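S.K.: For reference, the structure I am asking about is given below.
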Amino acid sequence: MRDDCDVLIVGAGPSGAVAAQEFARAGMRVICLEQGDWPDYSRARAGHADFELVSRKHWNWNPNERRAAGDYRVDDTESDISALMYNGVGGSTVMYAAQWERFLPSDFRVRTLDGVGDDWPISYWDLEPYYDEVERQFAVSGLGGNPALPPMTPPPLPPVPLNKVGRRGAEALNKLGWHWWPGTNAIATADYGPLHACTQLTACPFGCPTGSKGSADRTHWQALSKGQVRLVVRATVDQVLLDDRGRASGVTYLDENGARHAIHAGVVVLCANALGTPRILLNSADGAGIANSSGMVGRRLMMHPFGNAIGIFDEDLESWRGPLGQYLHSLEFYETDRSRGFVRGAKWNLIPSGAPLSMMLTGTWGDESVWGSSFTRLLRERLGHSVIWGVICEDLPDPDNRVTLDGELGEQDVPGVRIRYRTSDNTRAMMAWHLDRVSEVLDAMGAKQKILNPIMQGIGWHLIGTTVMGENPDGTVVDPYGECHDVPNLFVFDSSVFPTSSGVNPAATIAANALRCARALVARRRDVAVAS
Amino acid sequence: MTTHGTDLPVAPVPPAARERLAKVADALIPAGAGLPSAAQAGVHAELLDQVARARPDLIPPLLEALEALGADLDLASVERLAADAPRLHEAITLVVAGAYLMSPRVTASLKYSIQKAKIVDPREITTIVAEGLLDQVIERGPRYRLPPDAPSEHGS
């Protein structure tokens, strides 16, 4: 390998961070280009009176509303769900809830077991050692012995407390005879490396002010950027460059002033998420696209339809406090049972309802108007007295659910993206059935009021599947190690490569798979064909 | 002046606009349930200044909304604004509710300590296990399906 660097990584999210660390440890020269900037934690205001007001602007989950450095236009007018992301150092781990879930063995064999979707070219056990490693990297807390998963190495830290909310949920699930387990989260429950013990400010998705959450900016980039890796922020990559033999020779990017630069590299690794990665591939070759002989770049977008069930209680549960985060999860109904009327399943997780503004202004707390004489009554009823069950449904790959380039030039004259995503009959049936069961849990918890929200339009955190991996170049974009079938030294390590989505949060698998692919690339680095 | 939400300068809010805001705010949040009304809490006064420092971007649409409401500063007019100018409705309701929930008088009455920090106690899990809360979950055994190609030590 040679040129300006051995490896050029595009995107400083979790996959880029894990890969950069692995390459640097192998002595490779690494440059990472990140279109956003470092998170500004001076605007993480949890614990201050203006917390929620500031969060709604600066930590807004939707890039179309946040419009910060690195955010590009996402046209979601033809999508049932809005795509959420954080563009900056750490990627979406900066704003994720840090719920840390391993995929289950069946998630890798969906076609074999259920006759739908596709099997992965790897198994749970291929990823298992990498899960163990990244759980140490991301300061994961939890409890070993969960019978919903195969026996595994326990996380490095003990779980977050159940508090009143989690205890009530656990007791209800026991009453029903259903599975639960203390939550596994990338949230430090003791001082751990650069992280501090969680202070329970319900701030995880709004910039953790304590420095407790295992976000890649803190777990990886703070150290890596001090010497081992050259991290360039506010650098928007618009194209991967190819030589005359069709090999990747580097990238071009625009800096914050709009000046265009080129960097040459032996290997290019895209870690820009399942919208950003196809955006770059489709825009390369001056918009003609690359690595797309299969026609699958941008297709099979999966977004994990999300619903929730809110319970309101007479008792004060102090539910404005806690990690967000999950107190506990249930995988009771995760595996397929066709008698339910759908295949595959969903994960449930229990969280506190958090700070008050969110429960007075959103449209997810029922139909009753909050204004006028209702306001103070509803505020008293909800604040501290409410809990939220989240339901994540597995959505199956559909080639018509896809990412394409926006016809109009966006920020810095680089096209944004348009997404088309429709939920399937299977997904809708799954969500309705699961919400009915969660409603039973709320009854068992003693809720005096229940509010059920199926498939929430504004929650598309988990972007998956748009450069699918597989052995067959005719139907997939990259091989099982993330190498593009069409461009031998161009790799994709992010969640774009997932053949199916599972029904759990993807961060653990994103990190574990990136580590697996990076380690494989290090092992064969002298054999990789580089540009001439 | 320091702001936390945006880089915009803080725009001043004229006294007349504050008076109008007080009336609208009391229509949106009258006193009740042992809590003060929005104006009693000071939504149009010091709390508004705090909002302006936190979110200066909200002040121009707030002023626009107050003007759009015309002479009728009641709940029905604000509800009409939701249909006619949703952006302005969003701004004025966010300012009023956001300011109200920043009031120390309100948060004290709610026994809400603005998310006072409380470091997690990782020993809690020891209690949970000792109590036997997880016993029946463990006794039910594995809940996951094994694919046919699972390693033999996992039962395939």
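So the sequence lines, in the order shown, correspond to chains A and B. Mind the numbering: the first sequence is residues 704 to 1235 in my numbering, read in order. Mind the numbering: the second sequence is residues 13 to 168 in my numbering, read in order. Even glycine gets a Cβ: it sits at the ideal position worked out from N, Cα and C. Because the structure is a prediction, the values reported are computed rather than measured.
Could you check whether the Cβ of G153 (chain B) sits closer than 9 Å to any Cβ belonging to chain A?
M.R.: Yes, because at least one Cβ of chain A sits closer than 9 Å to the Cβ of G153 (chain B).
S.K.: Tell me, which residues are paired with I1122 (chain A) by DSSP?
M.R.: For I1122 (chain A), which the question treats as bridged, DSSP gives the partners A:V1106.
S.K.: Please give the ranges of any alpha helix (DSSP H) in the stretch 1144-1174 of chain A, keeping only runs that are unbroken, at least 4 residues long and fully inside the region.
M.R.: For the stretch 1144-1174 of chain A, not a single whole alpha helix (DSSP H) run of length 4 or above is found.
S.K.: Would you please verify whether the beta carbon of M1148 (chain A) is less than 9 Å from any beta carbon of chain B?
M.R.: Not an interface residue.
S.K.: Here's the rule: buried if 16 or more other CB atoms are within 10 angstroms of the residue's CB, otherwise exposed. What is K867 (chain A)?
M.R.: Label assigned to K867 (chain A): buried.
S.K.: Out of curiosity, what's the CA-to-CA distance linking A752 (chain A) and G1110 (chain A)?
M.R.: Their backbone Cα atoms lie some 42 Å apart in a straight line.
S.K.: Using a beta-carbon distance below 9 Å, is H166 (chain B) in contact with chain A?
M.R.: By this cut-off, H166 (chain B) is an interface position.
S.K.: Exposed or buried, which one is M13 (chain B) when buried takes at least 16 other CB atoms within 10 Å?
M.R.: Confidence in M13 (chain B) is poor, its pLDDT being 44 and thus under 50, which makes the residue's placement too unreliable to answer from.
S.K.: Should P54 (chain B) be flagged as near chain A, meaning a C-beta pair shorter than 9 Å?
M.R.: The sequence shown places Gly at residue 54 (chain B), rather than the Pro named in the question. False, the Cβ-Cβ gap to chain A never drops below 9 Å.
S.K.: Would you call the stretch 874-887 of chain A and the stretch 102-113 of chain B in contact, with 3 or more CB pairs under 8 Å?
M.R.: Cβ pair count under 8 Å is below three, so no.
S.K.: Can you check whether the C-beta of A729 (chain A) is within less than 9 Å of a C-beta belonging to chain B?
M.R.: No, A729 (chain A) lies away from the interface with chain B (no Cβ there is under 9 Å from its Cβ).
S.K.: Given a cut-off of 9 Å on the beta-carbon distance, is the pair S1204 (chain A) and G1168 (chain A) in contact?
M.R.: Cβ atoms of S1204 (chain A) and G1168 (chain A): closer than 9 Å.
S.K.: Three Cβ pairs or more, each shorter than 8 Å: is that satisfied between the stretch 731-740 of chain A and the stretch 938-951 of chain A?
M.R.: Result yes; three or more Cβ-Cβ pairs closer than 8 Å.
S.K.: Taking 9 Å as the cut-off, decide whether the C-beta atoms of L1218 (chain A) and V970 (chain A) are in contact.
M.R.: No, they are not a contact pair.
S.K.: Quick one: which chain A residues come within Cβ less than 7 Å of E136 (chain B)?
M.R.: Within chain A, the residues near E136 (chain B) are P864, L865.
S.K.: Determine the burial state of A1234 (chain A): buried for a count of at least 16 other Cβ atoms within 10 Å of its Cβ, exposed for fewer.
M.R.: A1234 (chain A) should be labelled buried.
S.K.: Who are the Cβ neighbours of V721 (chain A) in its own chain at under 6 Å, not counting the five residues just before and after it?
M.R.: Excluding positions up to five away in sequence, the list reads A1214, A1217, L1218.
S.K.: Confirm, please, whether the CB-CB distance from S1199 (chain A) to N976 (chain A) is below 9 Å.
M.R.: Yes.
S.K.: When the Cβ atoms of the stretch 1025-1041 of chain A are set against those of the stretch 90-100 of chain B, are three or more pairs found closer than 8 Å?
M.R.: No, the stretch 1025-1041 of chain A is not in contact with the stretch 90-100 of chain B.
S.K.: Roughly how many whole angstroms lie between the Cα atoms of E755 (chain A) and R769 (chain A)?
M.R.: Spanning the two alpha carbons is a distance of roughly 14 Å.
S.K.: So for S952 (chain A), helix, strand or coil by DSSP?
M.R.: Correct three-state label for S952 (chain A): strand.
S.K.: Just to confirm my understanding: we take E76 (chain B), look at its own chain, exclude 5 residues before and 5 after, and list those with CB closer than 6 Å. What are they?
M.R.: Closer than 6 Å at the Cβ level, and outside the excluded window around E76 (chain B), lie L100.
S.K.: Assuming I1095 (chain A) is part of the alpha helix (DSSP H), what are its boundary residues?
M.R.: Element bounds for I1095 (chain A): not the alpha helix (DSSP H) but the beta strand (DSSP E), 1089-1096.
S.K.: For Y827 (chain A) and P717 (chain A), I'd like the C-alpha separation in whole angstroms.
M.R.: C-alpha separation (whole angstroms): 20 Å.
S.K.: From this set, A:N1052, A:A747, A:D1230, which residue's C-alpha is nearest R870 (chain A)'s C-alpha?
M.R.: Taking only the C-alpha atoms, the option nearest R870 (chain A) is A:N1052.
S.K.: Does the pairing of the stretch 993-1012 of chain A with the stretch 1171-1181 of chain A give three or more beta-carbon distances under 8 Å?
M.R.: These segments touch.
S.K.: Start and end of the beta strand (DSSP E) containing L945 (chain A)?
M.R.: Segment 939-945, the beta strand (DSSP E) holding L945 (chain A).
S.K.: T1212 (chain A) to Y799 (chain A), Cα distance in whole Å?
M.R.: One C-alpha to the other measures close to 14 Å.
S.K.: Alpha carbon to alpha carbon, what distance is there between V954 (chain A) and M704 (chain A)?
M.R.: Residue confidence is low: M704 (chain A) scores 41 on pLDDT, short of 50, so the model does not pin down where it sits. Its coordinate-derived value is still stated next. The alpha-carbon atoms of M704 (chain A) and V954 (chain A) are separated by roughly 16 Å.
S.K.: Give a yes or no on whether 9 Å exceeds the smallest Cβ distance from M999 (chain A) to chain B.
M.R.: No - not a single Cβ of chain B is within 9 Å of the one on M999 (chain A).
S.K.: Just mark G791 (chain A) as buried or exposed, buried being the case when its beta carbon has 16 or more other beta carbons within 10 Å.
M.R.: So G791 (chain A) ends up on the buried side.
S.K.: Mark E838 (chain A) as exposed unless 16 or more other C-beta atoms lie within 10 angstroms of its C-beta, in which case mark it buried.
M.R.: Result: buried.
S.K.: What residues in its chain sit with their C-beta under 8 Å from that of A727 (chain A), if we drop five residues either side in the sequence?
M.R.: Contacts found: V733, L927, Q931, V932.
S.K.: With 16 as the cutoff for other CB atoms within 10 Å, does Q840 (chain A) come out buried or exposed?
M.R.: Buried, because 16 or more other Cβ atoms sit within 10 Å of the Cβ of Q840 (chain A).
S.K.: Compare the C-beta of K35 (chain B) with all C-beta atoms of chain A and state if any pair is closer than 9 Å.
M.R.: It does not; no Cβ of chain A falls within 9 Å.
S.K.: So for I131 (chain B), helix, strand or coil by DSSP?
M.R.: In this structure, I131 (chain B) counts as coil in the three-state DSSP scheme.
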